[in-house]
Amino acid sequence: MGGIARSRSARPKAAAMCALAVLGALVAFSAPADARPMVTRDMYDKRYCEYLFINLGPSGFYADVWNTFGLNNCPEKLWKASDPAALAKEMGALTVKLNGPRHWLIDRAQITFDPKAELKQGVKRSFGGLKMRRLTTGLVPTVNGKPGLPAYTETTVNRTTHFTFSRRHPLRVLVSPDGKSYAMQAFSQIKDPTLTEKKLNGLASRLAMPAGWRFEVRELRKDLTLRTVSRTTVLQDELENTYQLIG
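The opening position of the sequence shown corresponds to residue -10 in this note's numbering, with each subsequent residue numbered one higher.
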């Protein structure tokens, strides 16, 4: 874990409801010992998009997650042409969540795919010219029987990853009333298409956080790597920016 110097905090405000985009935190299911990791570098501020194909199974709603990262930068023209109804029909899904555009705030990722997964991970496919790779399938959090999750609410996702935050960049952090810290791993342009990396340090004055929460910008003294095996804890703010639990 890297040494961290703290800076700004924010005034607490009211919470808001997030949508299914928390599934953007789903990267890969826990993997067996014979699984091989995929390493990606130089990810900071790189754009990506996802399709989340939602279905209902014996254990509840689940999403088949497809992602553009490493294949293209999610061209705006192709993304805007996305037709959820047509995509759902093509893949036999109940509905489709368009999860993006998003930008990574990690510099390096090591993702372990499960070669024995029922739905093969890493498979590539083109949707209307937009190339994507299947990442995982996971259960969708629900509220009152409907897919979705309130902002600032923890959820556990199944994945085996090493996410590295570079000391060259600020670390944006949410801090809960009980002192737990969550590092922003990706920012979203879903709710605010004008949000950029340069604007993130000013989110303290924008976020409608519940009482006792605060937003900080920290400087890393050395790279910070968050290692997860099988499970990790994530949450989102009302702009659908995604954060991972540091501790």
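Glycine is no exception: its CB is placed at the ideal position from the N, C-alpha and C atoms.
{"Check": "Just reading off the beta strand (DSSP E) that proline 237 is part of, what are its end residues?", "Outcome": "Beyond the ends of the chain as shown, which are -10 and 236, falls residue 237; an answer cannot be given."}
{"Check": "Determine, using beta carbons only, whether leucine 228 and leucine 160 come nearer to each other than 8 Å.", "Outcome": "no"}
{"Check": "Between which two residues does the beta strand (DSSP E) carrying lysine 113 extend?", "Outcome": "113 to 116"}
{"Check": "If you count every other CB in all the chains shown that lies within 10 Å of the CB of threonine 221, and 16 or more means buried, which is it?", "Outcome": "buried"}
{"Check": "Given a threshold of 16 other Cβ atoms within 10 Å of its Cβ, counted over all protein chains shown, does leucine 45 qualify as buried or as exposed?", "Outcome": "exposed"}
{"Check": "Have a look at alanine 175 and threonine 144 and give me their C-alpha separation to the nearest angstrom.", "Outcome": "16 Å"}
{"Check": "Let's test the definition: count the other Cβ atoms within 10 Å of the Cβ of arginine 207 and tell me whether it reaches 16, buried, or not, exposed.", "Outcome": "buried"}
{"Check": "Tell me which residues share the same chain as proline 26 and place their Cβ nearer than 6 Å to its Cβ, disregarding the 5 neighbours each side in the sequence.", "Outcome": "Gln99 and Thr101"}
{"Check": "What number of angstroms, rounded off, separates the C-alpha of isoleucine 43 from the C-alpha of alanine 52?", "Outcome": "4 Å"}
{"Check": "In angstroms, rounded to a whole number, what distance separates the CA positions of glutamine 225 and alanine 140?", "Outcome": "5 Å"}
{"Check": "Given a cut-off of 8 Å, decide if asparagine 61 and lysine 120 are closer than it, judged by their beta-carbon atoms.", "Outcome": "yes"}
{"Check": "Which residue comes first and which comes last in the alpha helix (DSSP H) that contains alanine 172?", "Outcome": "Segment 170 to 177 is the beta strand (DSSP E) holding alanine 172; no alpha helix (DSSP H) there."}
{"Check": "When we look at the beta-carbon of asparagine 133 and count the other beta-carbons within 10 Å, is it buried (16 or more) or exposed?", "Outcome": "exposed"}
{"Check": "Measuring only the C-alpha atoms, how far is leucine 76 from leucine 138?", "Outcome": "23 Å"}
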